[in-house]
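Structure first, commentary second.
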Amino acid sequence: MNITENKHISEKETLVESEASGEKAEKLLEIDKVRTYFYTEEGVVKAVDEVSFDIYKNEVIGLVGETGCGKSVTALSILRLVREPGKIIEGSIKYKGQNLLDLTEAEMRSFRGKNITMIFQDPLNSLNPVISVGDQISEVFLLHQHDILKKELDERLLERKNKKNTIKELKTQLKERESTGEEIIEFQKEIKKLKAETSHLPVIKDVILDNAEQIIQEVGIADARGILTRYPHELSGGMRQRVMIAMALSCNPDLLIADEPTTALDVTIQAQILDLMKNLKNKFETSILMITHDLGIIAEMCDRVAVMYSGSIVEYATAKDLFSNPRHPYTIGLISAIPSIEKRDQKLHVIRGMVPNLIFPPSGCRFHSRCDERMEICDKVKTRLIEIGDKYFVACHLFDDRYKNSPKYVWSNKEDDASYKV
């Protein structure tokens, strides 16, 4: 295997620098060696173990892996939404240089939604079933957009005040001057018209609903005002997901975390939701962390990809490089397992073994018990992310100069019976 560069990543070194139009992009989020464990009666579940990656402005980064590999827990850790018995025990999560783990819970509540927001897997369970869609979106505006709402309300109240002053002036003119019958009738019509306009000027609820209607229209829902009065169970799965996206983008956040956003949607609706997210990402200049086990979505949506296995990132590269030439045996196995029409006469590739128990994870490389490229060193020394090319990182001893010549492990027909050879 050709190795252009073999460079170990230090604790303070970022994994990759993203560029846009030849210029260095602004780094939004820096996740460094985060560990999130769950303390259960059976033992400590090491769900996220030293995960590190960066997210830059206006990019889409994918987090892909099998169910249970730690993708969703990583997302919840970013927003500090990990529930007991889970706990973030180590690492840092920096948003524009500020460590979110140092904030109080009150500060985090104001931070969530406004700066970083999240679309959860199941919109039906994420939406409150007894509160209308309009009221749920309105709550987001009240919590995070109160300054903007206040400004808009002040403008409308000033408009009301001006109209009332105009009515007073018209009444004064009517009293002070000698007017003909026709002039009196015209004055009265004008006063009546202004009173009607004044009575219909919106109060705070109307201002909020106007904003909610506007964001609903942004996600492509017809009859936006009508949707605001309906309840989640009255909407289809695709409509509920659009509502979730509308709520997430209502505060124009810097980063949107999408956790399996197309789960339980048919292929047609899935394509519509993905197109919607791409369009809104470009319009609002929002970065997206796309969490999924679907490599097709990753290939379509993402600029960069981080592959997770058993709580750790094992490969990290641009989507183009990763799909054209994957390096880690796990990533190769994932891509090889995708069914293909062109390979209908070939046996579907299957990764041997089972996902390890994260209470008792394997020693060394956590993938060694399933790896076709296993070496003698793999079950003894833990892997580390190393740079093997331009912005291409992989955690595998095959690419580590210290171990790449280690004796190869030879699998027999029985997975539990093997020997070594040089």
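Residue numbers (our numbering): -17 to 404. Glycine included, each C-beta is placed from N, C-alpha and C at the ideal position. A quick note: this is a predicted structure, and the numbers were derived from the prediction, not measured.
Item	Value
Go ahead and pull the three-state DSSP assignment for Arg286.	strand
Alpha carbon to alpha carbon, how far is Ile270 from Asn264? Give it in angstroms, no decimals.	11 Å
Can you say whether Thr471 is buried or exposed, counting buried as having 16 or more other CB atoms within 10 angstroms of its CB?	There is simply no residue 471 to check, as the chain begins at -17 and stops at 404 in what is shown.
Going along the chain, which residues of its own chain have a beta-carbon closer than 8 Å to the beta-carbon of Phe266, five neighbours each way excluded?	Leu231, Asn234
Please name the residue or residues paired with Ala240 in a DSSP beta bridge.	Ile101, Met272
Cα separation between Glu358 and Lys390?	6 Å
Can you give me the start and stop residues for the alpha helix (DSSP H) that Asp303 sits inside?	301 to 306
Looking only at C-alpha atoms, which of Thr211, Met336, Pro321 sits nearest to Lys329?	Pro321
Can you give the Cα-Cα distance for Gly25 and Pro67, rounded to whole angstroms?	11 Å
Given Val64, which residues of its chain have a CB within under 8 Å of its CB, disregarding the five upstream and five downstream residues?	Thr18, Val55, Leu58, Ile70
Taking 6 Å as the limit between beta carbons, can you name the residues of its chain near Pro308, skipping five residues before and five after?	Ile314, Ile317
So, at 6 Å on beta carbons, what are the nonlocal neighbours of Val363 in its own chain, with the 5 sequence-adjacent residues on each side left out?	Gly346
Check for me: the alpha helix (DSSP H) holding Glu87 runs from which residue to which?	87 to 93
Would the stretch 207 to 217 and the stretch 246 to 260 be scored as touching if the rule is three or more Cβ pairs under 8 Å?	no
Between Asn387, Gly371, Asp372, Cys360, which has its C-alpha nearest Cys378's C-alpha?	Cys360
By Cβ distance, which residues of its chain are closer than 7 Å to Gly47, with the 5 residues on each side in sequence left out?	Lys53, His275, Val289, Met290, Tyr291
To the nearest angstrom, report how far apart Lys28 and Arg348 are at their CA atoms.	12 Å
Apart from the five residues on each side of it in sequence, which residues of its chain come closer than 8 Å, Cβ to Cβ, to Arg326?	none
Taking the continuous alpha helix (DSSP H) assigned at Lys263, which residues delimit it?	249 to 266
Would you say Met229 and Val112 are within 7 Å of each other, going by their C-beta atoms?	no
What do you reckon, are the CB atoms on Leu10 and Leu262 nearer than 7 Å?	no
Can you look up Gly73 in the DSSP assignment and give me helix, strand or coil?	strand
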